[in-house]
Amino acid sequence: MSLSWTPTKSDLEKGLRGLQLGDVACDTIAISTHCSTRHAEEEPLVTPIYHSTTYRIPSLEHYMKIVNDGGNLYIRLGNPTCQAAEATLSALEGGAGAMVFTSGMAAISTVLLTFLKAGDHVIACLPVYSGTQSLLEKHLSRYNVEVSWSNLDSGVEGYRELMKSNTRMLYGETPCNPLTTIIDLEAFGQLGNSVEGLLTVVDSTYAPPCIQRPHQYGIDVVIHSGTKYLSGHSDVLAGVASTRTLEQWQKLNVCRTTLGTVLSPHDASLLLRGVKTLPLRMERHCRNAEKVAEFLASHQKVNKVYYPGLATDKGYEVAKKQMKMFGGMVALR
Ligand SMILES: Cc1ncc(COP(=O)(O)O)c(C=O)c1O
Numbered sequence: 006m007s008l009s010w011t012p013t014k015s016d017l018e019k020g021l022r023g024l025q026l027g028d029v030a031c032d033t034i035a036i037s038t039h040c041s042t043r044h045a046e047e048e049p050l051v052t053p054i055y056h057s058t059t060y061r062i063p064s065l066e067h068y069m070k071i072v073n074d075g076g077n078l079y080i081r082l083g084n085p086t087c088q089a090a091e092a093t094l095s096a097l098e099g100g101a102g103a104m105v106f107t108s109g110m111a112a113i114s115t116v117l118l119t120f121l122k123a124g125d126h127v128i129a130c131l132p133v134y135s136g137t138q139s140l141l142e143k144h145l146s147r148y149n150v151e152v153s154w155s156n157l158d159s160g161v162e163g164y165r166e167l168m169k170s171n172t173r174m175l176y177g178e179t180p181c182n183p184l185t186t187i188i189d190l191e192a193f194g195q196l197g198n199s200v201e202g203l204l205t206v207v208d209s210t211y212a213p214p215c216i217q218r219p220h221q222y223g224i225d226v227v228i229h230s231g232t233k234y235l236s237g238h239s240d241v242l243a244g245v246a247s248t249r250t251l252e253q254w255q256k257l258n259v260c261r262t263t264l265g266t267v268l269s270p271h272d273a274s275l276l277l278r279g280v281k282t283l284p285l286r287m288e289r290h291c292r293n294a295e296k297v298a299e300f301l302a303s304h305q306k307v308n309k310v311y312y313p314g315l316a317t318d319k320g321y322e323v324a325k326k327q328m329k330m331f332g333g334m335v336a337l338r
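In this note's numbering, the protein residues as written are 6 to 338.
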């Protein structure tokens with residue numbers, strides 16, 4: 006039934022008090038989405054937490070309307086608090102729809118299980134977040150999904166060289182965990198779009214949507230560990246995936262419903278609260294990181310600093326092109 010469901014649209018996408026998505030900055034989007042209570046004139050400024058697992062359906066007609074047009078039946082299929090978070094995140098990412106998950110790893114697992122099948126080949130970057138590496142290496146390989154690793158020092162060319170006739174996914178992280186290596190998103194998107202049926206997936210946890218928007222470069226799926234910058238208060242485990250097309254969103258929705266990896270409404274509310282201050286926090290994180298990186302770069306006991314905001318960093322020029330700020334993560338030897 007969830008095949009025909011569509012993502013909740015941000016109020017701004019529909020047009021809110023004369024404003025539309027294209028008219029406003031990310032700061033405004035982050036605070037502007039509300040989940041309307043359907044029958045009330047007065048709208049709560051903070052999205053309510055809908056704890057209900059099950060919804061009373063008044064008639065068969067109403068049930069059919071929910072099946073066809075969307076609505077709420079049962080919590081694992083989606084719930085209004087999650088949908089409010091998804092509307093905001095989708096508007097921030099600029100994709101066709103976003104989806105929230107129980108963790109970043111749940112988002113990554115659901116994306117991989119949705120879009121890969123036995124016999125497919127996926128190319129992922131190295132380094133990559135250790136959980137993702139383990140998922141691909143130890144688990145997906147058991148289901149006959151073939152994995153190749155592209156060293157990020159070889160850039161997007163490294164992916165191109167590893168491509169085969171059964172390559173179905175290019176998986177990247179930028180900036181990557183832990184060395185903050187940068188992938189050129191424009192080149193990555195172009196490579197992905199050069200072959201029919203090839204999906205590009207980018208884990209953008211280190212650069213949330215107010216500083217980097219991979220869909221702009223044709224990236225199909227953008228993933229975040231919402232546990233980090235998006236929620237921002239160290240009290241939520243959450244994941245997010247945003248898709249470039251509605252069809253991709255619908256496929257992912259079916260898989261999330263089946264796997265049961267949907268976020269709880271309580272955590273969705275905390276995630277939404279965190280997102281409201283995301284642009285402000287990111288400015289401070291990035292400013293602080295720049296200072297820390299500069300300090301470390303001139304420290305005699307430090308051999309090497311990895312931070313895309315340092316003019317000496319290998320990824321600096323590309324980062325300058327695709328990121329509004331350079332992020333808050335710094336690595337060193
Ligand atoms: C880049 C990256 N992706 C994914 C994850 C996994 O996220 P979670 O801990 O929310 O499952 C992490 C966690 O540290 C991460 O750093």
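The C-beta atom is built at its ideal place from N, Cα and C for all residues, glycine as well.
Note that the structure is a prediction, hence the values are computed from the model and not measured.
Strand pairing of residue i, partner residues [DSSP]
| i | result |
| --- | --- |
| residue 156 | 131 |
| residue 151 | 126 |
| residue 106 | 244, 267 |
| residue 79 | 59 |
| residue 336 | 311 |
| residue 24 | 21 |
Endpoints, beta strand (DSSP E) assigned at residue i
| i | result |
| --- | --- |
| residue 178 | 172-178 |
Boundaries (first-last residue) of the alpha helix (DSSP H) holding residue i
| i | result |
| --- | --- |
| residue 109 | 109-120 |
| residue 327 | 321-327 |
| residue 343 | Beyond the ends of the chain as shown, which are 6 and 338, falls residue 343; an answer cannot be given. |
| residue 316 | From DSSP, residue 316 is part of no alpha helix (DSSP H); its letter is neither H nor E. |
| residue 31 | 31-37 |
| residue 195 | 190-198 |
| residue 16 | 16-19 |
| residue 181 | Run containing residue 181: none; DSSP gives neither H nor E here. |
| residue 88 | 85-98 |
Whole-angstrom C-beta distance between residue j and residue i, which should lie under 8 Å
| i | j | result |
| --- | --- | --- |
| residue 234 | residue 287 | 7 Å |
| residue 189 | residue 160 | 6 Å |
| residue 101 | residue 249 | 6 Å |
| residue 256 | residue 119 | 5 Å |
| residue 294 | residue 311 | Contact doesn't hold; Cβ gap of about 11 Å is too wide. |
| residue 314 | residue 109 | Not really, about 24 Å apart at Cβ, beyond 8 Å. |
| residue 333 | residue 290 | 3 Å |
| residue 206 | residue 225 | 7 Å |
| residue 220 | residue 227 | 6 Å |
| residue 268 | residue 236 | No, residue 268 and residue 236 are not in contact; Cβ-Cβ is about 11 Å, not under 8 Å. |
| residue 254 | residue 69 | Incorrect: roughly 22 Å between the Cβ atoms, too far for contact. |
| residue 96 | residue 15 | 4 Å |
| residue 145 | residue 117 | 6 Å |
| residue 338 | residue 296 | Going by Cβ atoms, the distance from residue 338 to residue 296 rounds to 19 Å, so no, they are not a contact pair. |
| residue 93 | residue 35 | 7 Å |
| residue 277 | residue 52 | 6 Å |
| residue 131 | residue 150 | Contact doesn't hold; Cβ gap of about 17 Å is too wide. |
| residue 152 | residue 127 | 6 Å |
| residue 129 | residue 154 | 6 Å |
Could you tell me which whole beta strand (DSSP E) segments of length 3 or greater appear in the segment 204-290? 204-208, 226-230, 244-248
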